[in-house]
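Novice: Protein chains in written order, with this note's numbering: chain A, 1 to 264; chain B, 265 to 524; chain C, 525 to 766.
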Amino acid sequence: MHKKKLKINKFGAILSFVIVLMIIIGIFATPYDPNKMDAASKFSAPSINHIFGCDQFGRDIFSRVLVGGRTTLLVGGCTVLIGAFFGMILGAITGFIGGIVDEILMRINDVVASFPSILLALVFISLLGPNTGNVILALGIAFIPSFARIVRSEFIKYKDADFVKSAKLMKVGKIRILFVHIMPNIMPTMLATAAIGFNNAVLAEAGMSYLGIGVMPPDASLGRMMSESQAYLSVAPWCAIFPGLFIVLMILGFSLLSESLNRK
Amino acid sequence: MLEVKNLSINFYDTTPVTKGIENINISICEGETVGIVGESGSGKTLTALSIMGLIEDHVKIDSGEILFNNKNLLQISAKERRKIIGNDISMIFQEPISSLNPLMKVGKQVEESLKLHKNMTKDDRKKEAIKMLELVKLPDANIIYDKYPHELSGGMCQRVMIAAAMICHPKLLIADEPTTALDVTIQKNILKLISEFHETENMGVMFISHDLRVIRYICDKVIVLYKGKVVESGTVEDVFNNPKEEYTKKLVGIKNGKRK
Amino acid sequence: MEKENKLKDPRNILEVENLNAFYNGKQYVYDVSLSLKRGQVLGLVGESGSGKSTIGKAIADIMKEYNGNIRIEDDSVQMIFQNTLDALNPKKKILWILEEPLKMMGVKNKEERLSKIASMLIKVNLDEELLCRYPDDLSGGQRQRVCIAIALLQESKLIIADEATSALDVTVQDNILSLMMNLKKEMGLSYLFISHDLEIISQISDEVIVLKNGRIVEKGTVENIYDNPKEEYTKKLLDACL
Chain A
1 MHKKKLKINK
11 FGAILSFVIV
21 LMIIIGIFAT
31 PYDPNKMDAA
41 SKFSAPSINH
51 IFGCDQFGRD
61 IFSRVLVGGR
71 TTLLVGGCTV
81 LIGAFFGMIL
91 GAITGFIGGI
101 VDEILMRIND
111 VVASFPSILL
121 ALVFISLLGP
131 NTGNVILALG
141 IAFIPSFARI
151 VRSEFIKYKD
161 ADFVKSAKLM
171 KVGKIRILFV
181 HIMPNIMPTM
191 LATAAIGFNN
201 AVLAEAGMSY
211 LGIGVMPPDA
221 SLGRMMSESQ
231 AYLSVAPWCA
241 IFPGLFIVLM
251 ILGFSLLSES
261 LNRK
Chain B
265 MLEVKNLSIN
275 FYDTTPVTKG
285 IENINISICE
295 GETVGIVGES
305 GSGKTLTALS
315 IMGLIEDHVK
325 IDSGEILFNN
335 KNLLQISAKE
345 RRKIIGNDIS
355 MIFQEPISSL
365 NPLMKVGKQV
375 EESLKLHKNM
385 TKDDRKKEAI
395 KMLELVKLPD
405 ANIIYDKYPH
415 ELSGGMCQRV
425 MIAAAMICHP
435 KLLIADEPTT
445 ALDVTIQKNI
455 LKLISEFHET
465 ENMGVMFISH
475 DLRVIRYICD
485 KVIVLYKGKV
495 VESGTVEDVF
505 NNPKEEYTKK
515 LVGIKNGKRK
Chain C
525 MEKENKLKDP
535 RNILEVENLN
545 AFYNGKQYVY
555 DVSLSLKRGQ
565 VLGLVGESGS
575 GKSTIGKAIA
585 DIMKEYNGNI
595 RIEDDSVQMI
605 FQNTLDALNP
615 KKKILWILEE
625 PLKMMGVKNK
635 EERLSKIASM
645 LIKVNLDEEL
655 LCRYPDDLSG
665 GQRQRVCIAI
675 ALLQESKLII
685 ADEATSALDV
695 TVQDNILSLM
705 MNLKKEMGLS
715 YLFISHDLEI
725 ISQISDEVIV
735 LKNGRIVEKG
745 TVENIYDNPK
755 EEYTKKLLDA
765 CL
């Protein structure tokens, strides 16, 4: 059998792996307690003891980045799950059924889509209170429209396929056709969209935390770390650089990896 | 005029490497129509694309030469190649509507080769293009000039493609299954058109098809390909009336329609 | 559209009366009537736009906009398509694809399904090792055999073949046509064979209908149509053959 060579972007794969690994290890142990303040280490530059240096309270930045990264992964991951799950159902129904149901649902979809995700999140937070759960809920809902639209166009593409006609001739029910026959074919596109959604979620969360409406102290968050370090940029730039760098590398790794996986 | 010598091409994007064509030899003299017949995987299209320089990076030419008027097309610079392809050697493809740029008026596409290879004014080019459209028997050529591909039928698009390919009066026309996607009644007309050009221009034609009947209708010589190798070659009469190899016999036999 | 089970002529397996078919409101088939006797092959021949595929889809009830009287024995009809890659779910293994119609027919026992599939594979000349492969690992001919197997597993006696051999290599076409003819004899099948290829139609059909722009131009036995065409269009078609 001649197998087509799969070109995975090695750099992206390794980068993603390393970052996720670091974060996972960070769940069990960090070099220092991320919330422990140590006046003596205030603003210390990166050194052997503190690879990323310390912030204004003497907290080890490396440990905080690991914990912050965990939050970011969590928010990104859950957002994508919510967006994908409901987006998929919405897309499947509108794509396959079409007609007036399609029209109405897609217009509602458009309305939600026209809200910038951060604005939507702001509304949620102000109504329901600022906690990580609400941030996830808000961003998740904000991501449903783009998933729904993409899933819908995939279903439209497949609903006239010959193998679907064949399934109809076999008297397969509509729901089974949607979720057992067609769904596996749209998974590659879904995964690619999910990867992009993940990246956007990471950025959105960072942005929200930076603005102060995201994850609340003492929970660490890469975005908030950057926000808090603004004042100290000239004195201790590492306070802002490392969290920012971590976000960039995380997104870079996942983007490269998912893009290479999606290539035919 | 065209000589393909011992050409071998392989696909390097799989493990193990997939064979494309092996030691293919083809020769086409001026004014000769040579048919390349084969089924899928025979390598016929690959051969044509390698002459035109249209193969992708992972498809490598492992040996052989392609001599056009004694110049090895595989060794000349890109600049020299650009002077030949589209000018002395032209190609027409199978799917007429998708081979044309959907966003460009048909007349402009016919002119394109002129723009690249000849020094002419805009008006002269347009005149030449319309003349060509008339030569391919399109009615109201100056109206067709301004149409887009999707406004024309498959047969008309194929005529446009032929016009675009012929506008620089090439010495060699490579036709890759040009009538396969067309209706039977249109097919015969397109074949007649190609035949006419072949005669009036004394142009060589490499006609690729899986359909023996078409090859017999339009070609003088035929080369039979099977799984990347030349299986049999000769004049059309010889190969059809006296097939020597098993595979050729099978191909010829099928088309002699026996009731099942 | 009405489907009455009783066919007017007991020798027929399919009767169509006054079929009109549309896509998005535009009419593509005009008042077509035809019948197919049990055990025979009816060839529908025409160029693109003749409506031949549309007629097939209407009879198989896989399109929405049509009206007319269609009567099929036991209401059972299957179809095989032109594009074998499109006709098989690219993300499912061949075994799953072959089990699906059996599951839909209520064959709950896995062993029973496997045994039916095994005997069907022999009938269509496919190796069991293909069961664990995906459609794009198979050749065009192998895929079409799978499609034939799918149709036959559902025990229909009426099969509509919509350009079923048009996308295949010439030598493979020949094999598939021979297979289909053998199966016809062996299992008492009837075919509605749709094609633009006049030669193939002449090789396998008993009766032929020539279509143009959605209307029947000429109907008759193979001999009548090919040796003694009456209509201008039929003559033109035959003349265009090389």
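Glycine residues also receive a C-beta, built at the ideal position from the N, C-alpha and C atoms.
So L169 of chain A contacts chain C; which residues on that side make the cut at Cβ distance below 7 Å?
Specialist: Contact of L169 of chain A with chain C by beta-carbon distance below 7 Å involves A584, I586, Q602, M603.
Novice: Any C-beta of chain C within less than 7 Å: which residues of the stretch 172–193 of chain A qualify?
Specialist: V172, H181, P184, N185
Novice: Any beta carbon of chain B sitting closer than 8 Å to that of L566 of chain C?
Specialist: no
Novice: Could you pull the start and end residues of the beta strand (DSSP E) that L271 of chain B belongs to?
Specialist: First-last of the beta strand (DSSP E) with L271 of chain B: 266–275.
Novice: Assign F28 of chain A to buried or exposed, taking buried as 16 or more other Cβ atoms, counted over all protein chains shown, within 10 Å of its Cβ.
Specialist: exposed
Novice: Please tell me whether K760 of chain C has its Cβ less than 8 Å away from any Cβ of chain B.
Specialist: yes
Novice: Are the stretch 106–118 of chain A and the stretch 230–248 of chain A in contact at 8 Å, needing three or more beta carbon pairs?
Specialist: no
Novice: Looking at I479 of chain B and V301 of chain B, is the spacing between their C-beta atoms short of 8 Å?
Specialist: yes
Novice: Quick one: residues in its chain with C-beta nearer than 7 Å to the C-beta of E589 of chain C, no 5 flanking neighbours on either side, listed in chain order?
Specialist: A545, F546, Y547
Novice: Grab me the residues of E541 of chain C's own chain with a C-beta within less than 7 Å of its C-beta, minus the 5 sequence neighbours each way, in chain order.
Specialist: If we look at E541 of chain C and ignore the five residues flanking it on each side, its Cβ neighbours are S557, G592, N593.
Novice: Which complete alpha helix (DSSP H) runs does the stretch 288–351 of chain B hold, if anything under 4 residues is left out?
Specialist: 308–316, 342–348
Novice: Quick one: which chain C residues come within Cβ less than 8 Å of H474 of chain B?
Specialist: Against H474 of chain B, the close residues of chain C are D693, V694, in the order they occur along the chain (beta-carbon pairs closer than 8 Å).
Novice: Would you mind giving the Cβ-Cβ distance between A201 of chain A and L139 of chain A, rounded to the nearest angstrom? I have them listed as a contact below 8 Å.
Specialist: 5 Å
Novice: Helix, strand or coil, according to DSSP, for F43 of chain A in the structure here?
Specialist: Note: F43 of chain A maps to coil in three-state DSSP.
Novice: Residues of chain C with a CB under 9 Å from the CB of L515 of chain B: which are they?
Specialist: V694, T695
Novice: Quick one, are the C-beta atoms of E375 of chain B and K395 of chain B less than 8 Å apart?
Specialist: Result no, Cβ atoms of E375 of chain B and K395 of chain B do not sit closer than 8 Å.
Novice: Taking only beta carbons into account, state which residues of the stretch 143–165 of chain A come closer than 9 Å to chain C, listed in chain order.
Specialist: A161, D162, F163, V164, K165
Novice: For S572 of chain C, which residues in chain B fall below 8 Å Cβ to Cβ?
Specialist: G418, D447
Novice: Please give me, in chain order, every unbroken run of the alpha helix (DSSP H) with length at least 4 that falls completely inside the stretch 622–668 of chain C.
Specialist: 634–647
Novice: I'd like the list of long-range same chain contacts for E344 of chain B, defined as Cβ closer than 8 Å, with 5 residues on each side in sequence excluded.
Specialist: The residues are K335.
Novice: Rounded to whole angstroms, what is the Cα-Cα separation between I48 of chain A and V67 of chain A?
Specialist: 20 Å
Novice: Measuring CB to CB, does Q606 of chain C end up less than 8 Å from E731 of chain C?
Specialist: no
Novice: May I ask you to report which of helix, strand or coil DSSP gives K264 of chain A?
Specialist: Summary for K264 of chain A: the model assigns pLDDT 49, below 50, so the residue's position carries little reliability, and this model does not support an answer.
Novice: What's the call for I100 of chain A, buried or exposed, on a 16-neighbour Cβ count within 10 Å?
Specialist: exposed
Novice: Hey, would you say I728 of chain C sits closer than 8 Å to L701 of chain C, going by beta carbons?
Specialist: Their beta carbons are under 8 Å apart, which means I728 of chain C touches L701 of chain C by this criterion.
Novice: When the Cα atoms are used, what is the spatial distance from S41 of chain A to I24 of chain A?
Specialist: 26 Å
Novice: Beta-carbon separation of G77 of chain A and F147 of chain A under 8 Å?
Specialist: no
Novice: Find the residues of chain B that neighbour D698 of chain C, judging by a C-beta separation of less than 7 Å, and give them in chain order.
Specialist: At a C-beta separation below 7 Å, D698 of chain C has these neighbours in chain B: I518.
Novice: Where does the unbroken alpha helix (DSSP H) through G99 of chain A begin, and where does it stop?
Specialist: 99–113
Novice: Assuming F147 of chain A is part of the beta strand (DSSP E), what are its boundary residues?
Specialist: From DSSP, F147 of chain A is part of no beta strand (DSSP E) but of the alpha helix (DSSP H) over 132–159.
Novice: Less than 8 Å between the C-beta atoms of L222 of chain A and A204 of chain A, yes or no?
Specialist: Taking a C-beta distance under 8 Å as the contact criterion, L222 of chain A and A204 of chain A do not qualify as a contact pair.
Novice: Under 8 Å, CB to CB, which of the residues in the stretch 303–329 of chain B have a partner in chain C?
Specialist: E303, S304
Novice: Which of the three DSSP states is assigned to D598 of chain C in this structure?
Specialist: Under the three-state reduction of DSSP, D598 of chain C is assigned to helix.
Novice: Exposed or buried, R535 of chain C, counting other C-beta atoms within 10 Å across all chains shown (16 or more means buried)?
Specialist: exposed
Novice: Does DSSP put M525 of chain C in a helix, in a strand, or in coil?
Specialist: Residue placement at M525 of chain C is poorly supported in this model, since its pLDDT is 48, which falls under 50; the coordinates still yield a value, given next. DSSP places M525 of chain C in coil when its eight states are reduced to three.
Novice: What do you get for M525 of chain C, buried or exposed, if any count of 16 or more other CB atoms within 10 angstroms of its CB means buried?
Specialist: Annotation note: pLDDT 48 at M525 of chain C (below 50); position unreliable, coordinate value reported separately. Label assigned to M525 of chain C: exposed.
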